[in-house]
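Engineer: By numbering that gives the first Met the number 0, the letter at position 123 of the sequence shown is numbered 122, and the numbering carries on one by one without gaps.
Idealized CB from N, CA, C, for every residue including glycine.
Here the structure is a predicted model, which is why all the values come from computation and not from measurement.
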Amino acid sequence: MPRHLLVAEDLTAQEIEAVFAVTRDLQTKFDEGIREPLMPGRVLALVFEKQSLRTRVSFQTAMVHLGGSSLFLGADTGFASSRESIDDFGKVLSQYVDGIVCRTKSHDTLEALATSSSVPVINGLSDASHPCQALADIYTLKQHVGRVRGLTLTFVGDGNNVARSLAMVSALLGMRFVLAGPEGYHFSSDFLSHVQRIVPGAAIQQTTDAREAVKDAAVVYTDVWASMGQEKEREERAKAFAAYQVNDKLMALAPEAIFMHCLPAHRGEEVTNEVIDGPQSVVIQEAANRMHVQKGLIAWLLGHAS
Ligand code: CP
Ligand code: NVA
């Protein structure tokens, strides 16, 4: 059975630290102009059911830097359509490539692909989770503060795929995670019990009070109010989340915090221009780190880390 990364808890805390160590090494070399060819001749397939800039391009450039290559496979391969079963698709594709990154509408589709694949499958975002995003975010926090254990990440917004993965990585690494959002958009009790099963005693809180929630935060994080696939709910969600915009007033309550957003952002909705372009924002470094951390991840996961 190949090793997959479908959800953040597919990695242990020690393994996340190992991925970060490989990342640091490769990033230092990259900054010195060295692109270590750890994976010559290796091929990564990217099977995407939804749009992407960061995930797609960062995996593709990472493979080039590692001396390998990648194939972007969009709708024309017929993945998850009536053309052929996901099982046949996964069995066949994994004969050709060394790893698969997959972005799906439904997490079940991703799981079905992983079951049929003989090579590692990496979640490039599903409706349930976005582990590569969370790894890059926590790596970015570590670069800023030097440590993560004991720090608080406050996510202002929807308990969505990004929030779930951040909560899980935070729990694994001994951080406190606070979700601040309106009633009805918090994590399910099933998810909360699941986190406690994986990390007993994990410090996860939910509140409707964003002002209180950001006060001790090392990171104030937000994401779009309506994710891909929720376009029909956009108006209803805009009303529900109107009081949860991350703006100067909110950030003034967390003067020491950095601001993060996975991007793409809906400026003027969940975040103002002043905040996302302001001095506390690290969103571009965060996006850049997607490439570095994914490079560390694929080198580690595919067994080519130095
Ligand atoms: N943050 C992120 O995953 O961006 P893309 O949707 O552009 O890949
Ligand atoms: N929650 C967002 C994240 C995009 C990177 C979405 O799923 O659309």
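1. Between Leu-124 and the ligand CP, is there a pair consisting of the residue's CB and a ligand heavy atom that are separated by less than 7 Å?
2. Give the straight-line distance between the Cα atoms of His-129 and Phe-190, rounded to the nearest whole angstrom.
3. Residues in the same chain with beta-carbon distance under 7 Å from Asp-276, minus the five sequence neighbours each way, listed in chain order, please.
4. Tell me whether the stretch 36-46 and the stretch 290-305 touch, counting them as touching only if at least three CB pairs, one residue from each stretch, are closer than 8 Å.
5. For the alpha helix (DSSP H) containing Val-63, name the first residue and the last one.
6. As an exercise, report each continuous alpha helix (DSSP H) stretch of at least 4 residues that is fully enclosed by the stretch 51-138, in chain order.
7. Answer with buried or exposed for Glu-211, where buried requires no fewer than 16 other C-beta atoms within 10 angstroms of its C-beta.
8. Tell me which residues share the same chain as Thr-151 and place their Cβ nearer than 8 Å to its Cβ, disregarding the 5 neighbours each side in the sequence.
9. Taking DSSP's pairing of strands, which residues face Ser-259 in a bridge?
10. What do you reckon, is the C-beta of Ser-226 under 7 Å from a heavy atom of the ligand NVA?
11. Is Val-161 near the ligand NVA, judged by its Cβ being under 7 Å from some heavy atom?
12. Exposed or buried, which one is Thr-27 when buried takes at least 16 other CB atoms within 10 Å?
13. Classify Gln-293: buried if its beta carbon has 16 or more other beta carbons within 10 angstroms, exposed otherwise.
14. Among Ala-298, Gly-295, Met-290 and Glu-285, which residue has its Cα nearest to the Cα of Leu-140?
15. Counting pairs of Cβ atoms below 8 Å between the stretch 44-62 and the stretch 120-139, do you hit three or more?
16. Mind checking whether His-185 and Asp-222 have CB atoms under 8 Å apart?
17. According to DSSP, simplified to helix, strand and coil, what is Ser-280?
18. Could you please give me the residues that DSSP links to Ile-175 through a beta bridge?
19. Could you check the C-alpha separation between Glu-8 and Asp-247 for me, to the nearest Å?
20. Find out if the Cβ-Cβ distance for the pair Thr-359, Ile-85 is shorter than 8 Å.
21. Give the secondary structure of Val-213 by DSSP, where H, G and I count as helix, E and B as strand, and everything else as coil.
22. Looking at Leu-52 and the ligand CP, is the gap between the Cβ and the nearest heavy atom below 7 Å?
23. Does the beta carbon of Cys-101 fall short of 7 Å from some heavy atom of the ligand NVA?
24. Using beta-carbon positions only, say whether Gly-156 and Tyr-243 come within less than 8 Å of one another.
25. Cα separation between Arg-82 and Ala-237?
26. According to DSSP, is Arg-23 part of a helix, a strand, or is it coil?
27. In the DSSP assignment, find the alpha helix (DSSP H) that holds Leu-10 and state where it starts and stops.
28. Are Val-213 and Thr-153 close, meaning C-beta to C-beta below 8 Å?
29. Looking only at C-alpha atoms, which of Val-18, Ser-117 and Gln-195 sits nearest to Asn-288?
30. What first and last residue would you give for the alpha helix (DSSP H) that runs through Phe-318?
Structural biologist: In brief:
1. Taking the sequence shown and counting its residues from 1, one reaches residue 124 at position 125. True, at least one ligand heavy atom lies under 7 Å from that Cβ.
2. Taking the first residue of the sequence shown as position 1, residue 129 is located at position 130. Taking the first residue of the sequence shown as position 1, residue 190 is located at position 191. Whole-angstrom Cα-Cα distance: 15 Å.
3. One-based indexing of the sequence shown puts residue 276 at position 277. Nothing listed; no residue qualifies.
4. yes
5. Along the sequence shown, one-based indexing puts residue 63 at 64. Where Val-63 is concerned, the enclosing alpha helix (DSSP H) stretches over 53-64.
6. Correct list: 53-64, 85-95 and 106-115.
7. Here residue 211 refers to the residue found at position 212 of the sequence shown. With fewer than 16 Cβ atoms within 10 Å of its Cβ, Glu-211 is classed as exposed.
8. Position 152 of the sequence shown holds residue 151. Hits under 8 Å: Met-174, Arg-175, Phe-176, Val-177, Asp-215, Ala-216, Ala-217 and Val-218.
9. Taking the first residue of the sequence shown as position 1, residue 259 is located at position 260. The sequence given here has Met at residue 259, not Ser. BP columns for Met-259 point to Tyr-220.
10. By 1-based counting over the sequence shown, the position of residue 226 is 227. For the ligand NVA, at least one heavy atom lies less than 7 Å from the Cβ of Ser-226.
11. Mapped onto the sequence shown, residue 161 falls at position 162. Yes, Cβ of Val-161 sits closer than 7 Å to a heavy atom of the ligand NVA.
12. Against the sequence shown, residue 27 aligns to sequence position 28. Classification for Thr-27: exposed.
13. Start at 1 with the first residue of the sequence shown, and residue 293 comes out as number 294. Under this definition Gln-293 is a buried residue.
14. Residue numbering aside, residue 140 sits at position 141 when the sequence shown is read from its first letter. The candidate whose alpha carbon is nearest that of Leu-140 is Glu-285.
15. yes
16. Against the sequence shown, residue 185 aligns to sequence position 186. Against the sequence shown, residue 222 aligns to sequence position 223. No. Outside cutoff.
17. The sequence position of residue 280 within the sequence shown is 281, counting from 1. Reduced to three states, the DSSP call for Ser-280 is strand.
18. Within the sequence shown, the letter at position 176 stands for residue 175. What sits at residue 175 in the sequence shown is Arg, not Ile. Per DSSP, Thr-151 and Ala-202.
19. The residue labelled residue 8 in the question sits at position 9 within the sequence shown. The residue labelled residue 247 in the question sits at position 248 within the sequence shown. Their backbone Cα atoms lie some 34 Å apart in a straight line.
20. Lying outside 0 to 305, the shown extent of the chain, residue 359 is not represented and no answer is given.
21. Here the question's residue 213 lines up with position 214 in the sequence shown. Coil at Val-213, not helix or strand.
22. For the purposes of this step, residue 52 is identified with residue 53 of the sequence shown, where counting begins at 1. At least one heavy atom of the ligand CP is nearer than 7 Å to the Cβ of Leu-52, so yes.
23. The residue you call residue 101 lines up with position 102 of the sequence shown. No, the beta carbon of Cys-101 sits no closer than 7 Å to any heavy atom of the ligand NVA.
24. Locating residue 156 in the sequence shown gives position 157, counting from the first residue. Locating residue 243 in the sequence shown gives position 244, counting from the first residue. Contact flag set, yes.
25. Counted from its first residue, the sequence shown places residue 82 at position 83. Counted from its first residue, the sequence shown places residue 237 at position 238. Those two C-alpha atoms are separated by around 37 Å.
26. Against the sequence shown, residue 23 aligns to sequence position 24. Looking at Arg-23 - three-state DSSP - the assignment turns out to be helix.
27. Your numbering for residue 10 matches position 11 in the sequence shown. No alpha helix (DSSP H) holds Leu-10; DSSP gives it neither H nor E.
28. As a position in the sequence shown, residue 213 is number 214, starting the count at 1. As a position in the sequence shown, residue 153 is number 154, starting the count at 1. For Val-213 and Thr-153, yes; Cβs fall inside 8 Å.
29. Here residue 288 corresponds to residue number 289 of the sequence shown, with the count starting at 1. Looking at the Cα atoms, Val-18 is the closest of the given residues.
30. The structure shown does not extend to residue 318, since the chain is modelled only from 0 through 305, so no value can be given for it.
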